[in-house]
Amino acid sequence: MMKKTIKRIWLMLVINFAAIVALYIALAFYYSDGFPCCCWINGVYCTGKSVETVNKELLAKHGYEGVNVIDAGGAELYISAESVDLKADYTESLNSFIESRNSFLWGYNLFKNLIVKVEPRVSLSEDKLLGVVTDWEIFSDIGSNDVYIEKGDNGYILINGITDVPNKEKIVNTVYHCMLHLEDTADLGATEGCYTEVEATEQQRATMDLFDKIKELQPCGITYDVGGEQISFGPSVASTWFVTSDELDEYMYQDTSSTDPSSGLFIIDRAVRTFPSEEEMYTLNGFVCDANGSPIISEKKIYDTLNNIARSHSTESLIERYRQTHEGNILVRKGSKGDGSLYDVNGEFNYIVDKYVSGDISAEETRPFSYYDSVVSFDAASELGDTYIEVNMSKQLLSYYVNGELSMQMPVVTGNINRGRGTPAGLFNVYNKRYHTYLRGTDYVSYVNYWLGVNKGVGIHDATWRTQEEFGGETFKSNGSHGCINCPLESVEQLWNVAEVGTPVILYY
Numbered sequence: 007m008m009k010k011t012i013k014r015i016w017l018m019l020v021i022n023f024a025a026i027v028a029l030y031i032a033l034a035f036y037y038s039d040g041f042p043c044c045c046w047i048n049g050v051y052c053t054g055k056s057v058e059t060v061n062k063e064l065l066a067k068h069g070y071e072g073v074n075v076i077d078a079g080g081a082e083l084y085i086s087a088e089s090v091d092l093k094a095d096y097t098e099s100l101n102s103f104i105e106s107r108n109s110f111l112w113g114y115n116l117f118k119n120l121i122v123k124v125e126p127r128v129s130l131s132e133d134k135l136l137g138v139v140t141d142w143e144i145f146s147d148i149g150s151n152d153v154y155i156e157k158g159d160n161g162y163i164l165i166n167g168i169t170d171v172p173n174k175e176k177i178v179n180t181v182y183h184c185m186l187h188l189e190d191t192a193d194l195g196a197t198e199g200c201y202t203e204v205e206a207t208e209q210q211r212a213t214m215d216l217f218d219k220i221k222e223l224q225p226c227g228i229t230y231d232v233g234g235e236q237i238s239f240g241p242s243v244a245s246t247w248f249v250t251s252d253e254l255d256e257y258m259y260q261d262t263s264s265t266d267p268s269s270g271l272f273i274i275d276r277a278v279r280t281f282p283s284e285e286e287m288y289t290l291n292g293f294v295c296d297a298n299g300s301p302i303i304s305e306k307k308i309y310d311t312l313n314n315i316a317r318s319h320s321t322e323s324l325i326e327r328y329r330q331t332h333e334g335n336i337l338v339r340k341g342s343k344g345d346g347s348l349y350d351v352n353g354e355f356n357y358i359v360d361k362y363v364s365g366d367i368s369a370e371e372t373r374p375f376s377y378y379d380s381v382v383s384f385d386a387a388s389e390l391g392d393t394y395i396e397v398n399m400s401k402q403l404l405s406y407y408v409n410g411e412l413s414m415q416m417p418v419v420t421g422n423i424n425r426g427r428g429t430p431a432g433l434f435n436v437y438n439k440r441y442h443t444y445l446r447g448t449d450y451v452s453y454v455n456y457w458l459g460v461n462k463g464v465g466i467h468d469a470t471w472r473t474q475e476e477f478g479g480e481t482f483k484s485n486g487s488h489g490c491i492n493c494p495l496e497s498v499e500q501l502w503n504v505a506e507v508g509t510p511v512i513l514y515y
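Residues in the sequence shown are numbered from 7 upward in steps of one, following the working numbering.
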């Protein structure tokens, strides 16, 4: 009984094994005319599909739109696949793959997917490609071979028609092979032979040498932080400091000045010098150069650039910006000498000149636009608010703002700066108001109708002893007050009636 049972078991095992082998062989013959089990080609699952179906799926998944051709000078040309009749087909590669496979190895794929990469057969019209490339703008200037320096948005650039003469035949061939391999980009500058170099003339070589020197001088790496605003002195700014040929007469006869540290001085070949004589200079490509071919930088241009920043960020401009944005800090230079300049322009000017002389001008750095020790900064929103009195002592003008809107304005006469009695600048508050009172000093007693105390003995009041013509203008320089802000009677009466004790008062030159 036991022997019969064992026999049956062996018989069943043999039958099952034979069935499995038969099934395996049958599937091997099935896969011999198609894609094997668990087969992936270029990311597409192929098992059980026809070559035609897989070809369509591959073309849909890996569709090719065209190539972007980049010239060495940065110009770009996009050539679409459609414009050159480009066609791709995977049929031949898929059939070759099927024929090369041993279909009896399909079982191995059950444990490890078969992942394959094949390339399509690509064709395109060479004539149409030639036509598209020929129409490219880079071929329109062939034959000019011009070399010159041109001013752009970011400083001076060299237009070199010598080194950038394109070789059409090589370029067409390069693009053709890129499209055959379905590449998205053809970088001509990185491909040998796409450009033909022409020997430069003596004049062209001189222009190239000049630009090499300009290239070292114009990328100023200094960025100034002016009250949170970033102002870069990069090539777009530093390129304006060169002396050009149309400015030759202006700078050739510029004298040095004790009041202007930059006047009559120039930076030439990392040295501060006066302007060279006619025998020691010449012009080239619109630039004035010394006898050694070095471009000339005007110190006055540097100084004027810094001065313009200082003016555009004066106390007056910062207040105006605050009125528009309702935020930001305001700087005021304290003192009574009539000088409202905030920034140490001379110090920053010397810093830039030293950078040029040392050869470190291109070093990247961000630095504050330094201001004088007597300058104070305050947050306008919290300390000035939107209701305040503003006295611009350079313009001799008092303005009263209520809720951010101008309520009244009047001409004034402030302290006599030539006698050392200038009205002190700063941010104060109205600390008291008096009506019909006397002002007493060491050598005077004056009766006033309306008084608003601002800073110790300095206040805003009427000055009936002055004529209307005296208010505003230049009176404060020769016939100013002892330090107070003199106002026309009717105007200060209106101010006295509405301005409250505690109202902020900003005084500045």
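All residues carry an ideal CB built from backbone N, CA and C; glycine is no exception.
Beta-carbon proximity of residue i to residue j, cut-off 9 Å
{"i": "V498", "j": "Y453", "result": "no"}
{"i": "N517", "j": "L64", "result": "The structure shown does not extend to residue 517, since the chain is modelled only from 7 through 515, so no value can be given for it."}
{"i": "L188", "j": "V128", "result": "yes"}
{"i": "Y230", "j": "I303", "result": "no"}
{"i": "V408", "j": "I273", "result": "no"}
{"i": "F434", "j": "I336", "result": "no"}
{"i": "K176", "j": "T191", "result": "no"}
{"i": "V464", "j": "T429", "result": "yes"}
{"i": "D392", "j": "H467", "result": "no"}
{"i": "N424", "j": "K340", "result": "no"}
{"i": "V460", "j": "G508", "result": "no"}
{"i": "L271", "j": "I367", "result": "no"}
First and last residue of the uninterrupted beta strand (DSSP E) at residue i
{"i": "N438", "result": "N438 to R446"}
{"i": "W46", "result": "C45 to I47"}
{"i": "S242", "result": "Note, S242: premise wrong, no beta strand (DSSP E); alpha helix (DSSP H) at P241 to A244."}
{"i": "E156", "result": "V153 to G158"}
{"i": "V122", "result": "L120 to V122"}
Own chain partners of residue i with C-beta closer than 6 Å, once the 5 adjacent residues on each side are dropped
{"i": "L136", "result": "V178"}
{"i": "I220", "result": "Y162 and P301"}
{"i": "V232", "result": "H319 and F375"}
{"i": "F217", "result": "I155 and L164"}
{"i": "T202", "result": "V171 and N173"}
{"i": "N485", "result": "none"}
{"i": "N313", "result": "V351"}
{"i": "Y309", "result": "S268 and F355"}
{"i": "L348", "result": "L337, R339, Y377 and V381"}
Start-to-end residues for the alpha helix (DSSP H) that takes in residue i
{"i": "E175", "result": "K174 to L186"}
{"i": "F139", "result": "A small correction: the amino acid at residue 139 is Val; Phe does not occupy that position in the sequence shown. Segment E132 to T140, the alpha helix (DSSP H) holding V139."}
{"i": "P374", "result": "Careful: P374 lies outside any alpha helix (DSSP H), inside the beta strand (DSSP E) at E371 to P374."}
{"i": "Y328", "result": "T321 to T331"}
{"i": "N314", "result": "E305 to S318"}
{"i": "N101", "result": "T97 to S106"}
{"i": "S388", "result": "A386 to E389"}
{"i": "V60", "result": "V57 to K67"}
Neighbourhood of residue i by C-beta, 8 Å cutoff - its chain only, sequence neighbours within 5 removed
{"i": "L403", "result": "V397, Q415, M416, P417, V418 and G478"}
{"i": "T250", "result": "G292, F293 and V294"}
{"i": "A28", "result": "Because A28 sits at a pLDDT of 48, beneath the cut-off of 50, its placement in the model cannot be relied upon, and the following sentence gives the value as read from the coordinates. Closer than 8 Å at the Cβ level, and outside the excluded window around A28, lies no residue."}
{"i": "Y444", "result": "V451, S452, Y453 and V454"}
{"i": "N298", "result": "D275"}
{"i": "E82", "result": "N74, V75 and I76"}
{"i": "N115", "result": "Reliability fails at N115, whose pLDDT of 47 lies under 50, so the model's placement of it is uncertain and the value that follows must be treated cautiously. The answer, listed in chain order, is P42, C43, C44 and C45."}
Beta-ladder partner(s) of residue i, from DSSP
{"i": "G353", "result": "DSSP, once it has assigned bridges, lists no residue as partnering G353."}
{"i": "R339", "result": "V381"}
{"i": "Y2", "result": "Any question about residue 2 goes unanswered here, given that the chain covers just 7 to 515."}
{"i": "N435", "result": "P510"}
{"i": "L83", "result": "V75"}
{"i": "V451", "result": "R446"}
{"i": "R127", "result": "D95"}
{"i": "F248", "result": "I303"}
{"i": "S238", "result": "T229"}
{"i": "G54", "result": "None, per the DSSP bridge assignment."}
{"i": "W457", "result": "R440 and H467"}
{"i": "I165", "result": "Y154"}
Residue i Cβ short of 8 Å to the ligand GTP heavy atom set
{"i": "G478", "result": "The model depicted lacks the ligand GTP and carries no ligand whatsoever."}
Close beta carbons around residue i, own chain, < 7 Å, minus the five adjacent residues each side
{"i": "Y515", "result": "G344, D345, G346, M399, S400 and A431"}
{"i": "W502", "result": "K439, Y456 and L458"}
{"i": "R276", "result": "Y362, V363 and G365"}
{"i": "A87", "result": "Y70, E71 and G72"}
{"i": "E125", "result": "S99"}
{"i": "K55", "result": "F41"}
{"i": "Y406", "result": "I395, S413, M414, L501 and A505"}
{"i": "Y257", "result": "V249, F281 and S304"}
Every unbroken alpha helix (DSSP H) within the region 187–234, with a cutoff of 4 residues, ordered by chain: 208–223
Pick out the complete beta strand (DSSP E) segments inside the region 255–302, 3 residues or longer, and give them in chain order. 272–274, 287–290 and 293–296
Scan the region 459–495 and note each continuous beta strand (DSSP E) run of 3 residues or more that stays entirely inside, going in chain order. 464–468 and 491–493
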